[in-house]
């Protein structure tokens, strides 16, 4: 009951900030998310939106913690075909959870955790979906330190319905340029990259993946474009840096 009462008080504060806020709808939403962040000791609030080309990440300006680095240009991040945190939201799951729980025990020492800390200044992220499906919207709350506790997730679940209704009235045209763009490899592209990392030729990849060599080259072109590289070795090295390829696999020569 105490947790429910706490969530109720946070929900009231969220509504108060939206009602009394000034400026655009997105800046007022930033104030709402800031109220949520403060309650769970978060230092960074982000809005992640889905679309056909990938996903966009926007920092909610009122929710940027002191000292939190904000990239000067959009950061391009390539994700595996089924990102453990965002893929369920894409498929219609509105469960409130954290990146650490979605990835598992290896999260804290992963390359992705290191990159998120370097770019955003946080190493833990909680996701609160407010719209699910291909054009999803989810609120990320980030902080540096320990993962969010079960009690903190209960609180986020308690205020989730309020955020759902508030973001339902958000004007997409009012959204600022994203701070980061996330693109994901298709399952076929992920398979081709994995086989490429094992040193296979295009012909051999086609045989193993049961596709034509021409289709393999088409997938390779897409992979190179998404990874911003121009050759096989660079693609494998970049894929390894992003955690798309197991570190133990040998790069092609």
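Residue numbers (the working numbering): 3 to 255. Note that CB positions come from ideal geometry on N, CA and C, so glycine has one too. Note that the structure is predicted; figures quoted are calculated from it, not measured.
Near residue i, which residues of its chain fall below 6 Å by C-beta distance, leaving aside the five closest residues on each side in sequence?
| i | result |
| --- | --- |
| residue 124 | 46, 144, 145, 146 |
| residue 180 | 58, 59, 60, 76 |
| residue 164 | 13, 16 |
| residue 90 | none |
| residue 241 | 195, 247 |
| residue 244 | 80 |
Exposed or buried, what is residue i when buried is set at 16 or more other beta-carbons lying within 10 Å of its beta-carbon?
| i | result |
| --- | --- |
| residue 221 | buried |
| residue 94 | exposed |
| residue 216 | exposed |
| residue 247 | buried |
| residue 178 | exposed |
| residue 152 | exposed |
| residue 170 | exposed |
| residue 230 | exposed |
Going straight from the alpha carbon of residue i to that of residue j, what length do you get?
| i | j | result |
| --- | --- | --- |
| residue 148 | residue 128 | 12 Å |
| residue 195 | residue 228 | 12 Å |
| residue 62 | residue 30 | 9 Å |
| residue 107 | residue 101 | 11 Å |
| residue 137 | residue 126 | 24 Å |
| residue 20 | residue 140 | 18 Å |
| residue 41 | residue 155 | 11 Å |
| residue 104 | residue 226 | 28 Å |
| residue 10 | residue 32 | 19 Å |
| residue 117 | residue 209 | 35 Å |
| residue 27 | residue 219 | 45 Å |
| residue 159 | residue 182 | 26 Å |
| residue 50 | residue 223 | 27 Å |
| residue 36 | residue 44 | 8 Å |
| residue 68 | residue 201 | Interpretation of residue 68 is limited by its pLDDT of 48, a score under 50 that renders its predicted location unreliable; no figure is taken from the coordinates. |
| residue 157 | residue 99 | 12 Å |
| residue 162 | residue 130 | 7 Å |
Spatial neighbours of residue i within its chain, please: C-beta separation below 7 Å, excluding the five flanking residues on both sides.
| i | result |
| --- | --- |
| residue 193 | 211 |
| residue 150 | 42, 100, 126, 128 |
| residue 166 | 132 |
| residue 86 | 104, 105 |
Can you give me the Cβ contacts of residue i inside the same chain, cut-off strictly under 8 Å, excluding the 5 residues immediately before and after it?
| i | result |
| --- | --- |
| residue 197 | 206, 207, 210, 211 |
Give a single yes or no on whether residue i has its beta carbon closer than 7 Å to a heavy atom of the ligand NAD.
| i | result |
| --- | --- |
| residue 101 | Of the ligands one can find in the structure shown there are none, so the ligand NAD has no counterpart to examine. |
### Task
Could I get the ranges of all uninterrupted beta strand (DSSP E) runs contained in the region 69-146, with 3 residues as the minimum, in chain order?
List check, beta strand (DSSP E) in window: 77-81, 126-133, 139-145.
### Task
Jot down the residue ranges of each uninterrupted alpha helix (DSSP H) in the region 165-245, minimum 4 residues, whole runs only, in chain order.
Counting only runs of 4 or more, we get 189-199, 204-211, 215-229, 234-243.
### Query
Does the region 230-237 come close enough to the region 205-215 to have 3 or more Cβ pairs within less than 8 Å?
Counting Cβ pairs under 8 Å, fewer than three are found: no touch.
### Message
I'd like to know if the region 107-124 and the region 7-15 are in contact, where contact means that at least 3 CB-CB pairs between them fall below 8 Å.
### Response
Touching, no, given that fewer than three Cβ pairs across the two stretches are closer than 8 Å.
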